[in-house]
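If you count by the numbering used here, then the sequence shown holds residues 18 to 449, one letter each, in order.
Structure record follows, encoded as structure tokens.
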Amino acid sequence: MSLMRYFYSRLADQVLDKLTNTKMVKVPTLVDNYSFIKLIGIAQRAKNGQPLTEPLGSTLDFKDFQELMFIPSMFPLPDGTPIDKKVVIGPKAKKPMELPVPFMIAAMAYGASVSMSVKLALAKASLAVGTATNSGETGFLAEEREIVKRYVVQYNRAGWGNSPEQLKQADMIEIKISQGASAGDGFKIGHELIGDELRKHLNLQEGQDAIMPARFPDINNEKDLKNKVQELRELTGGVPIAVKIAAGNIEADLDRLLYAGVDAIVLDGAQGETAGSAEITINNFGIPSLYALVRAAEHLEKKGVKKDVSLIMTGGFRDSADMLKAIALGADAFYIGYPVDIAAAFSQFNRLPPGASPTDLYLYEGKHTELFDVEEGAACAGNFLKALAEEMDIALRCLGKDSIHKLTKDDFVSMTQEMTQITGVKLAYPLH
């Protein structure tokens with residue numbers, strides 16, 4: 018059971034208890050086209066009079082990569098054959114960012130998402146494979162920078178952790194325009210939820226709310242974005258400048274980013290997750306990662322810039338197989354977030370008191386974050402990342418290839434005609 022399912026199941030229990038103890042009430046069921054999640058959503062709106070929000074990502078079942086199957090080689094590579102998994106982000110940048118593996122730890126912000134303890138655990142976990150970690154929307158975190166080898170700082174709409182001195186310490190800058198779960202919406206953290214350390218980090222006054230606006234005050238068109246990219250490139254001495262967007266008007270949006278001169282594009286599919294976003298954006302906005310990837314890769318190839326501009330995918334990537342299939346379809350690298358959170362916290366869930374939600378352990382606003390052990394979390398999350406890297410080695414050897422850069426669409430087959438139409442991958446069976 019996912020954490021979100023667990024969260025809602027507890028709410029459902031409470032609602033059912035009330036409904037079943039009330040006479041002459043017909044409980045809505047799946048027969049009536051009311052899932053428990055829909056039922057609880059109605060109840061929450063009725064109770065609070067506020068837009069429904071949810072933790073994590075979409076509750077919808079989007080098409081993913083499971084209908085693609087790799088073709089084993091008759092001549093696999095011997096066990097122990099070294100596999101090249103290195104990627105270069107922003108190959109045309111003055112200071113490109115080199116990664117030993119094609120995945121990074123996603124943007125999970127201190128305060129707006131996870132606790133400080135979790136941020137430190139994930140920073141330490143990144144060292145297990147030498148990959149980068151992303152600051153998230155609250156920007157540069159000194160404690161994180163001290164640990165990691167490679168650090169991506171989000172240039173965010175509120176300007177948190179974005180002073181020139183902080184940005185100069187980044188290995189890549191990521192301009193956060195929008196994301197899968199929240200589209201282009203802003204958010205607010207009420208002052209009553211902000212502790213002293215976070216208040217200091219965000220440079221807020223006592224009693225002041227933390228507000229993330231919906232858009233940058235100085236980026237209103239593609240020319241403004243181009244100027245911002247150049248400004249950040251000069252400020253940082255040439256590290257890659259990326260822009261993160263929700264998957265939407267993909268070809269038109271990519272053209273705007275290419276005009277702006279970005280070194281990397283971060284494309285967040287509809288499966289993208291947050292610590293909490295409006296249900297209406299989570300389940301009704303964006304394009305799922307599979308579709309978005311195919312369209313983006315084809316457009317960059319058509320424009321002749323596929324080898325010059327890195328395509329970083331995020332949103333719903335949870336294991337090594339999905340990432341390898343996505344690489345064959347044109348992705349260069351990935352962000353993974355929720356799976357790393359779970360890896361860091363899973364062995365510590367038994368410390369929670371009865372009735373507590375698992376998110377109480379690792380989200381900033383969780384009720385039991387003090388129970389999270391940083392070193393244990395770092396070890397478990399690090400093991401997860403190492404396992405992903407080793408699984409990639411196994412798969413590549415079975416394919417008879419010694420580099421992820423040799424993966425192509427010819428390395429797998431499609432199990433359905435629909436998947437073939439989407440990806441261009443050949444069918445596993447003949448049509449008669």
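Where is the CB? At the ideal position from N, CA and C, for every residue including glycine.
Inset, instruction - May I ask which residues mark the beginning and end of the beta strand (DSSP E) holding residue 276? - result: Element bounds for residue 276: not the beta strand (DSSP E) but the alpha helix (DSSP H), 267 to 277.
Inset, instruction - Please report how far the alpha carbon of residue 315 lies from the alpha carbon of residue 308, in whole angstroms. - result: So the alpha carbons of these two residues sit roughly 11 angstroms apart.
Inset, instruction - Go through its chain and collect everything with a Cβ distance to residue 344's Cβ below 7 angstroms, but skip five positions before and after it. - result: Within the same chain, residue 344 has close Cβ partners 119, 421, 424.
Inset, instruction - Would you mind listing the beta strand (DSSP E) stretches within the segment 127 to 156 that are 3+ residues and don't spill past its ends, in chain order? - result: Counting whole runs of 3 or more residues, the segment 127 to 156 contains the beta strand (DSSP E) stretches 149 to 151.
Legend entry - Rounded Cβ spacing between residue 285 and residue 261 (contact assumed at less than 8 angstroms): Taking a contact as a CB-CB distance under 8 angstroms, the pair residue 285 and residue 261 counts as one, their CB atoms being some 6 angstroms apart.
Legend entry - Cβ-based burial, residue 428 [other Cβ within 10 Å; buried from 16]: Burial call: buried.
Inset, instruction - Identify which residue in 441, 259, 434, 264 has its Cα closest to the Cα of residue 106. - result: Nearest option by C-alpha distance: 259.
Inset, instruction - Compute the distance between the beta-carbons of residue 195 and residue 170, then report whether it is under 8 angstroms. - result: Not closer than 8 angstroms, so no.
Inset, instruction - Could you check the C-alpha separation between residue 325 and residue 108 for me, to the nearest Å? - result: One C-alpha to the other measures close to 6 angstroms.
Inset, instruction - Report, in whole angstroms, the separation of the C-beta atoms of residue 211 and residue 414, which I expect to be a contact under 8 angstroms. - result: Not really, about 50 angstroms apart at Cβ, beyond 8 angstroms.
Inset, instruction - Given a cut-off of 8 angstroms, decide if residue 148 and residue 121 are closer than it, judged by their beta-carbon atoms. - result: Yes, these two residues count as a Cβ contact at 8 angstroms.
Inset, instruction - Output the residue ranges of the alpha helix (DSSP H) runs that lie fully inside the segment 376 to 436 and measure 4 residues or longer, sorted by chain position. - result: Listed in chain order, the complete alpha helix (DSSP H) runs (minimum 4 residues) inside the segment 376 to 436 are 376 to 379, 391 to 415.
Inset, instruction - Output the boundary residues of the alpha helix (DSSP H) element that contains residue 340. - result: Judged by DSSP secondary structure, residue 340 falls within the alpha helix (DSSP H) whose first and last residues are 337 to 345.
Inset, instruction - Could you pull the start and end residues of the beta strand (DSSP E) that residue 171 belongs to? - result: Segment 167 to 172, the beta strand (DSSP E) holding residue 171.
Legend entry - Alpha-carbon spacing of residue 58 relative to residue 354, whole angstroms: Residue 354 has its alpha-carbon roughly 25 angstroms from the corresponding atom of residue 58.
Inset, instruction - Grab the span of the beta strand (DSSP E) containing residue 191 for me, first residue to last. - result: Residues 189 to 193.
Inset, instruction - Give me whichever residues DSSP pairs with residue 352 in a beta bridge. - result: 121, 331, per the DSSP bridge assignment.
Legend entry - Coil, strand or helix - residue 213 by DSSP: Residue 213: helix per DSSP, three-state reduction.
Inset, instruction - Express the C-alpha separation of residue 376 and residue 18 in angstroms, rounding to a whole number. - result: Note that residue 18 scores a pLDDT of 38, beneath 50, so its modelled location is shaky; the value from the coordinates is reported in the next line. About 13 angstroms.
Inset, instruction - Classify residue 91 as buried or exposed, calling it buried when 16 or more other Cβ atoms lie within 10 Å of its own Cβ. - result: By the neighbour-count criterion, in which a residue is buried when 16 or more other Cβ atoms sit within 10 angstroms of its Cβ, residue 91 is exposed.
Inset, instruction - With a 10 Å radius around its C-beta and 16 neighbouring C-beta atoms as the bar for buried, classify residue 313 as buried or exposed. - result: Its Cβ being crowded by 16 or more others within 10 Å, residue 313 is buried.
Inset, instruction - Please look up how many angstroms separate the CB atoms of residue 304 and residue 267, rounded, as I've assumed it's under 8 angstroms. - result: So it is a contact: roughly 7 angstroms between Cβ atoms.
Inset, instruction - Starting from residue 299, follow the alpha helix (DSSP H) in both directions and report where the run begins and ends. - result: Taken as a continuous stretch (DSSP letters only), the alpha helix (DSSP H) holding residue 299 covers 296 to 301.
Legend entry - Contact check, residue 395 vs residue 126, beta carbons under 8 angstroms: It is not a contact, given that the beta carbons lie outside the stated cut-off.
Legend entry - Backbone secondary structure at residue 116 - three-state DSSP: Strand.
Legend entry - 7 angstroms CB neighbourhood of residue 430 in its chain, flanking five on each side removed: The beta carbon of residue 430 sits closer than 7 angstroms to the beta carbons of 86, 88, 442, 443, 444, 445 from its chain, once the five residues preceding and following it are set aside; these are given in chain order.
Inset, instruction - Measure the CB-CB distance between residue 257 and residue 189 and report whether it falls below 8 angstroms. - result: Cβ distance < 8 angstroms, so residue 257 and residue 189 count as in contact.
Legend entry - Start-to-end residues for the alpha helix (DSSP H) that takes in residue 241: For residue 241, the enclosing alpha helix (DSSP H) has its first and last residue at 239 to 253.
Legend entry - Cβ neighbours of residue 246 in the same chain (closer than 7 angstroms, five flanking residues each side left out): If we look at residue 246 and ignore the five residues flanking it on each side, its Cβ neighbours are 258, 277, 278, 279.
Legend entry - Local conformation of residue 323 per DSSP, three classes: Residue state, collapsed to three classes: coil.
Inset, instruction - Could you work out which residue in 439, 68, 84 is closest to residue 339 when comparing CA atoms only? - result: Selected option, being the one with the closest Cα: 84.
Inset, instruction - Measuring alpha carbon to alpha carbon, tell me which of 378, 373, 356, 374 ends up nearest residue 365. - result: Of 378, 373, 356, 374, the residue nearest in Cα terms is 378.
Legend entry - Buried or exposed (CB count within 10 angstroms, at least 16 for buried), residue 287: Under this definition residue 287 is a buried residue.
Legend entry - residue 411 versus residue 95: straight-line alpha-carbon distance, rounded: C-alpha separation (whole angstroms): 10 angstroms.
Legend entry - Straight-line gap, residue 81 to residue 123 (C-alpha atoms, nearest Å): The alpha-carbon atoms of residue 81 and residue 123 are separated by roughly 19 angstroms.
Inset, instruction - Inspect the beta-carbon positions of residue 383 and residue 132 and report whether they are closer than 8 angstroms. - result: Yes, the Cβ-Cβ distance between residue 383 and residue 132 is below 8 angstroms.
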